[in-house]
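Data first, discussion second: the structure below is written as structure tokens.
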Amino acid sequence: MDAQTLRAQAFKALHERAGAFVIPNPWDAGSAKMLASLGFEALATTSAGYAFSNARPDGGLSLDDTLANVRAIVAATDLPVAVDLENGFADDPAECAQSILRAAEAGAVGGSIEDATGREEAPIYCFEHAVARVEAAVKAARSLPFPFMLTARAENFLHGNPDLADTIRRLQAFSEAGADVLYAPGLRSAEDVLAVVRAVAPKPVNVLMSGGLKLTVEQLSEMGVKRISVGSALALAAYGEFFRAAEEIKTSGTFSFTSRSMPYAKANQFFKG
């Protein structure tokens, strides 16, 4: 059995066992190795984190850019890797499906398709078109010789439309279309989370813990959440500390940040062998 199939089976099993698991979001191969060293069992890319590392805004990278990052992360660890495919980098369902196949070719064993258009004037695809895109993505995923975990995302809460009823309607339709995991980033309360979990049960639900939610892994697991991601939160934590350190040098001429820095030897050790 090849390495990608083994990773795919391990990833699928994480969604089938009892309790929740955390799938953190590295933005490059180095951060992926650090996360793997801590014992995490799977990784998911972050479109925003990788975009920032390339001096681009979120949504400013191409599919080719994204897949180059996937290849680097897959090569850096033995863990299953899922890819943030944004809106599939296309409006057309058939092109969206091709993005799934290309992600698999890059080594991913899972990926997400969202119903956000990337256009400010009309940020969310209409219901019928959103479902058609997921249907096409599911068909592509099922054509692969290994289990590819397809996540369907309803993006209302991230685009100024915190309509829980419409979000649940979309997630239920995505579930019926065959999506393996359902995801509504930006949920604002435990009540929202519970409503989503109950509405799409028994399908696994991914919850994003990088915004206003103040819940623990244990609490989310008790609610029935299966997968917990952090989006760009780890990248922002790293960039935040970097900026504060550089700002200290520029504004005060001091270097107290070095007392908080990871020792050189420890950092170097992550990348040996």
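In this note's numbering, the protein residues as written are 33 to 305.
C-beta atoms are modelled at their ideal positions from N, C-alpha and C, and glycine is treated no differently.
- In the displayed model, Asp34 falls within coil according to three-state DSSP, outside both helix and strand.
- Around the beta carbon of Ala140, a 10 Å sphere encloses 16 or more other beta carbons of the protein chains shown; the residue is thus reported as buried.
- With a cutoff of 8 Å on beta-carbon distance, Leu226 and Val239 are scored as not near each other.
- Apart from the 5 residues on each side of it in sequence, Phe302 sits with its Cβ closer than 7 Å to the Cβ of Lys65, Met66 and Ser69 in its chain, given in chain order.
- Contact between Gly91 and Gly150 is confirmed by a C-beta separation of about 5 Å, below the 8 Å threshold.
- A contact between stretches requires three or more CB pairs, one per stretch, nearer than 8 Å, and the stretch 217 to 225 fails this requirement with the stretch 39 to 50.
- Judged by DSSP secondary structure, Ala216 falls outside any beta strand (DSSP E); it is assigned neither H nor E.
- For Met255, the enclosing alpha helix (DSSP H) has its first and last residue at Val249 to Met255.
- Burial check for Thr290: the Cβ neighbour count within 10 Å stays below 16, so the residue is exposed.
- By the beta-carbon neighbour count (other beta carbons within 10 angstroms, threshold 16), Asp96 is exposed.
- Per the Cβ contact rule, the stretch 51 to 66 is in contact with the stretch 258 to 275 (3 or more Cβ pairs under 8 Å).
- Within the same chain, and ignoring the five residues on either side of Pro177 in sequence, the residues whose Cβ sits closer than 8 Å to its Cβ are Thr37.
- Distance from the Cα of Ala76 is smallest, within the candidate group Ile55, Pro89 and Ala87, for Ile55.
- According to the DSSP assignment, Asp96 belongs to the alpha helix (DSSP H) that extends over Leu95 to Ala108.
- In this structure, the alpha-carbon of Ser284 lies about 16 Å from that of Glu273.
- Rounded to whole angstroms, Ala80 and Ala278 show a C-alpha spacing of 22 Å.
- A check of alpha carbon separations from Phe189 across Pro179, Ile200 and Met181 identifies Ile200 as the nearest.
- Contact check for Ile156 and Ala148: beta-carbon distance about 6 Å, within the 8 Å limit, so the pair qualifies.
- Pairing Ala164 with Leu133 gives a Cβ-Cβ distance that is not under 8 Å.
- The DSSP assignment places 237 to 240 and 259 to 261 as complete runs of the beta strand (DSSP E) inside the stretch 229 to 301, in order along the chain (cut-off: 3 residues).
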